[in-house]
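Written out below as structure tokens is the structure these notes cover.
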Amino acid sequence: MGIYSVSQQKIATQIEQKQIGKSKWKDWRWQLKHCVTRVDSFEALLGISLTPNEKRKIEMTMRKFPMAVTPYYLSLIDRDDFRNDPVFRQAFPDVRELEIEACDMADPLAEDQDSPVAGITHRYPDRVLFHVSNVCSMYCRHCTRKRKVGDMDSIPGREQIKAALEYIRAHQEVRDVLLSGGDPLMLNDDYLDWILTELRNIEHVQVIRIGTRMPVVLPYRITDNLIEMLKKHHPVWVNTHFNHPREITSSSREALRMLADAGIPLGNQTVLLAGINDCPRIMKSLVHKLVENRVRPYYLYQCDLSEGLSHFRTPVGKGVEIMESLIGHTSGFAVPTFVIDAPGGGGKIPVNPNYLISLSTNKVVLRNYEGVITTYQEPDRYENKFCDRKCDKCNLKLKLEDSQESAATGIEMLLSDYDNTISLTPADNERMERRDERG
Numbered sequence: 005m006g007i008y009s010v011s012q013q014k015i016a017t018q019i020e021q022k023q024i025g026k027s028k029w030k031d032w033r034w035q036l037k038h039c040v041t042r043v044d045s046f047e048a049l050l051g052i053s054l055t056p057n058e059k060r061k062i063e064m065t066m067r068k069f070p071m072a073v074t075p076y077y078l079s080l081i082d083r084d085d086f087r088n089d090p091v092f093r094q095a096f097p098d099v100r101e102l103e104i105e106a107c108d109m110a111d112p113l114a115e116d117q118d119s120p121v122a123g124i125t126h127r128y129p130d131r132v133l134f135h136v137s138n139v140c141s142m143y144c145r146h147c148t149r150k151r152k153v154g155d156m157d158s159i160p161g162r163e164q165i166k167a168a169l170e171y172i173r174a175h176q177e178v179r180d181v182l183l184s185g186g187d188p189l190m191l192n193d194d195y196l197d198w199i200l201t202e203l204r205n206i207e208h209v210q211v212i213r214i215g216t217r218m219p220v221v222l223p224y225r226i227t228d229n230l231i232e233m234l235k236k237h238h239p240v241w242v243n244t245h246f247n248h249p250r251e252i253t254s255s256s257r258e259a260l261r262m263l264a265d266a267g268i269p270l271g272n273q274t275v276l277l278a279g280i281n282d283c284p285r286i287m288k289s290l291v292h293k294l295v296e297n298r299v300r301p302y303y304l305y306q307c308d309l310s311e312g313l314s315h316f317r318t319p320v321g322k323g324v325e326i327m328e329s330l331i332g333h334t335s336g337f338a339v340p341t342f343v344i345d346a347p348g349g350g351g352k353i354p355v356n357p358n359y360l361i362s363l364s365t366n367k368v369v370l371r372n373y374e375g376v377i378t379t380y381q382e383p384d385r386y387e388n389k390f391c392d393r394k395c396d397k398c399n400l401k402l403k404l405e406d407s408q409e410s411a412a413t414g415i416e417m418l419l420s421d422y423d424n425t426i427s428l429t430p431a432d433n434e435r436m437e438r439r440d441e442r443g
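Sequential numbering of the sequence shown, starting at 5, is according to the numbering used here.
So this is what it looks like as structure tokens:
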């Protein structure tokens, strides 16, 4: 499919009842303005028909969990087999969302409980989650924050943002700030620039990350102006959220290229979803397409225990099976970490196949991805150093500042650009000795 496909043209034409140019279809604000929020619009634009019973159930679901789909993302749906299409299943309401299991929770990760001030979740020692927006360009049906979907009353205002920034300033242990939401890229460039500037002016904040699904559902949001603004605040990292290879289109590739060319490291967080990507072949294709576009697969998440997600959840064993199909079978940097975000706020717990078979005091027994069993010989002599936490008296190399890249001497030092020495003086130079005598 080209950047501007026939399917996209038809949808755009139906929305406005007239031919539109490529520039309007690729205008992210036009896309937001024309988000599909009604079932009849969905049917008309895709040229599909749902049964009256299906529509009744969908509208029941939408009363609790609204629908919003960008025209771009809608155009990716295979209308000839839409019920099985992975894009359709992520975007279209399902009555099973109203089935609340006994284990389901409105806030399964206890983000609200770990929120010292509004807009901040402080779970890990040296980093915080900064909720800068509660609005998304579309509502993903598997969202872990479904409790906030469509809640326009909880959109953080400038005063709340300022209070959250003050919290970060006051906690010098925070070196890493992840902007989340909603989607931070729903903010306009100037407002996001202000937030990033405030964060960059906090000396102990080393890294800023942005979590966004825009490259997936609205890649036209990645504009030249946005890129130029983000470049001012390096180091900025971006994590996005591709769940299926079909989401990687020519438009999303262009958005990723622009971000990567701007020197922004890219990661991806995938959620394991039943009926969408719970297949080793699908997941391998996804990670290969990601690394081809300079995106590092970061996490593969077990689906959270949020309300209404039971039909998306797989057994944990499915995730382990997928990891078995990746580890050793593809490049190491193409393998994400499979994690369960612990209910109750325990944080991300890695879950991997077991490669350690047994161990003793001098030998470890391991197996590899092929099933080959091997051993590793432990050192015969290892003097374990007792740590009394008196770092100032420790004889280990605890000089943690950046190393000097070079220690040039002689003429090399005078020729170098990184050393300010302007002359070399012999130690027994009489003129220098007279200077010393004069004091």
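All C-beta atoms in this analysis are idealised placements derived from N, C-alpha and C, irrespective of residue type, glycine included.
Here the structure is a predicted model, which is why all the values come from computation and not from measurement.
Rounded straight-line distance, which links the Cα of residue j to that of residue i
i	j	result
Phe-3	Val-40	It is not possible to answer for residue 3, since the shown part of the chain is limited to 5 through 443.
Asn-247	Pro-301	11 Å
Asp-82	Met-71	19 Å
Ser-254	Lys-30	13 Å
Leu-222	Tyr-77	7 Å
Pro-354	Ile-344	7 Å
Glu-202	Arg-131	16 Å
Arg-234	Tyr-303	The sequence shown places Leu at residue 234, rather than the Arg named in the question. Spanning the two alpha carbons is a distance of roughly 24 Å.
Ala-431	Gly-414	13 Å
Leu-330	Asp-89	24 Å
Asn-372	Glu-328	10 Å
Leu-276	Leu-294	16 Å
Ala-346	Asp-118	13 Å
Gln-306	Ile-326	12 Å
Asn-356	Thr-334	16 Å
Asp-396	Glu-405	15 Å
Gly-336	Glu-58	44 Å
Arg-173	Ile-206	6 Å
Leu-290	Leu-418	53 Å
Ser-53	Arg-179	52 Å
Met-218	Arg-60	30 Å
Pro-239	Phe-134	17 Å
Met-5	Arg-204	Caution applies to Met-5, whose pLDDT of 37 falls short of 50 and renders its modelled position unreliable; the value that the coordinates give is listed next. Near 40 Å, if we compare the C-alpha coordinates of Arg-204 and Met-5.
Glu-311	Cys-144	14 Å
Local conformation of residue i per DSSP, three classes
i	result
Tyr-302	strand
Ala-110	coil
Thr-125	strand
Ile-7	Reliability fails at Ile-7, whose pLDDT of 41 lies under 50, so the model's placement of it is uncertain and the value that follows must be treated cautiously. In the structure shown, Ile-7 sits in coil (DSSP, three-state: anything other than H, G, I, E or B).
Ser-213	Position check: residue 213 holds Arg in this sequence, whereas Ser was assumed. Strand at Arg-213.
Val-132	strand
Leu-370	strand
Gln-94	helix
Tyr-76	helix
Lys-352	strand
Phe-46	helix
Gln-117	coil
Phe-69	coil
Phe-390	coil
Ser-310	strand
Asp-423	coil
Val-343	strand
Ile-104	coil
Tyr-40	Per the sequence shown, the amino acid found at residue 40 is Val instead of Tyr. Strand, per DSSP.
Lys-22	Confidence in Lys-22 is poor, its pLDDT being 48 and thus under 50, which makes the residue's placement unreliable; the coordinate value appears in the next sentence. In this structure, Lys-22 counts as coil in the three-state DSSP scheme.
Ile-81	coil
Ile-331	strand
Ser-53	coil
His-315	helix
Val-139	coil
Cys-395	helix
Arg-406	Sequence check: residue 406 is Asp here, not Arg. In this structure, Asp-406 counts as coil in the three-state DSSP scheme.
Arg-151	helix
Residues bridged to residue i [DSSP beta-bridge criterion]
i	result
Ser-364	In DSSP, Ser-364 forms no bridge with anything.
Thr-378	Leu-370
Ala-431	DSSP output for Ala-431 lists no bridge partner at all.
Ile-62	DSSP, once it has assigned bridges, lists no residue as partnering Ile-62.
For this session: Return the chain-ordered ranges of every beta strand (DSSP E) run that is complete within the stretch 217 to 283 and spans a minimum of 3 residues.
Result: Note on the stretch 217 to 283: whole beta strand (DSSP E) runs with a minimum of 3 residues are 240 to 244 and 270 to 276, in chain order.
For this session: Could you name each continuous alpha helix (DSSP H) segment of 4 residues or more that falls completely within the stretch 157 to 205, going from the start of the chain to the end?
Result: For the alpha helix (DSSP H) assignment, the uninterrupted runs of no fewer than 4 residues enclosed by the stretch 157 to 205 are, from N- to C-terminal side, 162 to 174 and 193 to 204.
Exercise. Between the stretch 111 to 124 and the stretch 197 to 216, do three or more beta carbon pairs fall short of 8 Å?
Worked result: With the cut-off at 8 Å, the stretch 111 to 124 and the stretch 197 to 216 do not touch.
For this session: Report yes or no: do three or more beta-carbon pairs, one from the stretch 134 to 142 and one from the stretch 185 to 195, lie closer than 8 Å?
Result: Pairwise C-beta distances place the stretch 134 to 142 in contact with the stretch 185 to 195, as three or more of them are shorter than 8 Å.
For this session: Answer yes if the stretch 253 to 268 comes into contact with the stretch 288 to 300, meaning at least three C-beta pairs across the two stretches below 8 Å, and no otherwise.
Result: Touching, per the Cβ criterion.
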